[in-house]
Amino acid sequence: MFLKNSWYVFGWSDELKENEKLVGRVIIEMPVVVWRNPQGRLMAAEDRCPHRHAPLSFGRVEGDNIRCMYHGMAFNKNGECVDVPMVDKPPKCSIRMFPVIEKNDWIWVWMGDPKLADEAFIPDAWGVNDPNKAMRYNSIEYDAHYQLVHDNLCDLSHVDFVHEKTLRPATGAYWAETLPVVAPQSRAVRFERWFENAQMPSDASVKVDTWSTYEFVVPGIFILYGARFPAGTAKKCDYKAPSKDIKPIFENIEQQAVTPISATKTAYHYATGLIFPAKDVTKEIEARMDVVMKTFEEDRQIIEAQQKIWHLTDPSIKKQFLPQDQGPSIMRRLMDRLMKEE
Ligand code: FES
Ligand SMILES: [Fe+2]
């Protein structure tokens, strides 16, 4: 089951830099083709020709129209068939068009009722092309149901075990030793915590207090902010959010999107970034991206292995609930409620 009335991340803006380039992908079992018309305006349509179901992403953009390059049917910007070779009057058939928006360097497609497509549902992410930040990005796929990926992101205690030699030392914190404060929002779950006396990633002998906060937003958008302060800052702040006038030593940001392809395959678009006082952080961001890519390969391995066991397991067999399951279970309940409502 998938949530339909939602903006899903199709991919990165940079993947569709050129006008008239067609990119076909599958989102919640629906083939979708996205392109820019000759004026650069984004368009999104069902990637399935009504004739013999060839993908229109193998087609050609002709002004505001798209033509199937199997037997030549053409469709206008409303998805209506406007031309068929050897036929005087095109048949009354059409392809489905989807609302599509570019924001924070991602391309978002609304997969539900177009009348309900509200841009306000798109969360504010960091944007990978912002010149004031150093960011790197990538996309991978998991052979797993999207909810196993949501579970993974809503419980970061796994960092200490799955990422024992990668992300754990790179963050300098012990994620399985401090439960976050978990706050449900109307279409998201928010997580906040301080790590006291964490290690400075560049020098383990330097102790810092790390403020770490992230939101996991429907239908699977993860936006994280982390900031390192001198040790003692958490106590000074009474373990609440640091005020804007306390300057962090440096900040890290993460932007990730979980886009279900099918019930057994999930796309994962992730970016990592640093905000340093120094302008040139090329070396640092390359090193961080290297760690992050290894980290998500580790996630892929454990999640895909877990999925295989889930396939073998009768759903009536109970799973042991742990305190760290609070975030994943709030997110699962929220998604279930929204899917039931629609
Ligand atoms: S499959 Fe598209 S025109 Fe035949
Ligand atoms: Fe992970």
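Note that our numbering has the sequence shown beginning at 849, numbered continuously upward. The beta-carbon is built from N, C-alpha and C at its ideal position, and this holds for glycine as well.
Which same chain residues end up closer than 7 Å to ALA1082 when comparing Cβ atoms and leaving out the 5 residues on each side of it in sequence? Your numbering for residue 1082 matches position 234 in the sequence shown. Within the same chain, ALA1082 has close Cβ partners TRP1042, GLU1044, ASP1057.
Would you say the beta carbon of ASP1162 comes nearer than 8 Å to a heavy atom of ligand 2? The residue given as residue 1162 occupies position 314 in the sequence shown. Not a single heavy atom of ligand 2 lies less than 8 Å from the C-beta of ASP1162.
Could you give the DSSP three-state label for VAL880: helix, strand or coil? For the purposes of this step, residue 880 is identified with residue 32 of the sequence shown, where counting begins at 1. If DSSP states are grouped into helix, strand and coil, VAL880 belongs with the strands.
Any non-hydrogen atom of ligand 1 closer than 8 Å to ARG900 Cβ: Residue mapping note: residue 900 aligns to position 52 of the sequence shown, counting from 1. Yes, since a heavy atom of ligand 1 falls inside the 8 Å radius drawn around the Cβ of ARG900.
Who are the near neighbours of LEU1015 in its chain, counting only those whose CB is closer than 7 Å to its CB and skipping five residues on each side? Numbered from 1 along the sequence shown, position 167 holds the residue referred to as residue 1015. For LEU1015, where only same-chain residues beyond five positions count, the Cβ hits under 7 Å are VAL1007, VAL1139, THR1143.
Let me know the secondary structure DSSP gives TYR1022 once reduced to three states. Indexing the sequence shown from 1 puts residue 1022 at position 174. Looking at TYR1022 - three-state DSSP - the assignment turns out to be coil, as it is neither helix nor strand.
Classification of PHE1207 by the beta-carbon crowding that lies within 10 angstroms, buried from 16 upward: With the chain running from 849 to 1190 in the structure shown, residue 1207 is simply not present.
Inspect the CB distances between the region 901-918 and the region 881-889 and report whether three or more fall short of 8 Å. Remark: three or more beta-carbon pairs, one from each stretch, lie closer than 8 Å, so the region 901-918 and the region 881-889 are flagged as touching.
Can you find the residues in the same chain that come closer than 8 Å, C-beta to C-beta, to ASP972, ignoring five residues on each side of it along the sequence? Here residue 972 is taken as the residue at index 124 of the sequence shown, counted from 1. Within the same chain, ASP972 has close Cβ partners ASN952, ILE1071.
Can you give me the C-alpha to C-alpha distance between ARG1116 and GLN1149, rounded to a whole angstrom? Walking along the sequence shown from the start, residue 1116 turns up at place 268. Walking along the sequence shown from the start, residue 1149 turns up at place 301. The amino acid at residue 1116 is misidentified as Arg; the sequence shows Tyr. Each residue's Cα considered, the two are about 14 Å apart.
Hey, out of ARG1038, VAL857, GLY1068, whose CA is closest to PRO947's CA? As a working note, residue 947 is residue 99 in the sequence shown. Considering only alpha carbons, the answer is VAL857.
Look up ALA1115 in the DSSP assignment and give the residues it is bridged to. The residue labelled residue 1115 in the question sits at position 267 within the sequence shown. In DSSP, ALA1115 forms a bridge with GLU989, THR1107.
Given that a residue counts as buried once 16 or more other Cβ atoms are within 10 Å of its Cβ, and exposed if not, what is ILE1094? Taking the first residue of the sequence shown as position 1, residue 1094 is located at position 246. Counting Cβ neighbours within 10 Å, ILE1094 comes out exposed, since fewer than 16 surround it.
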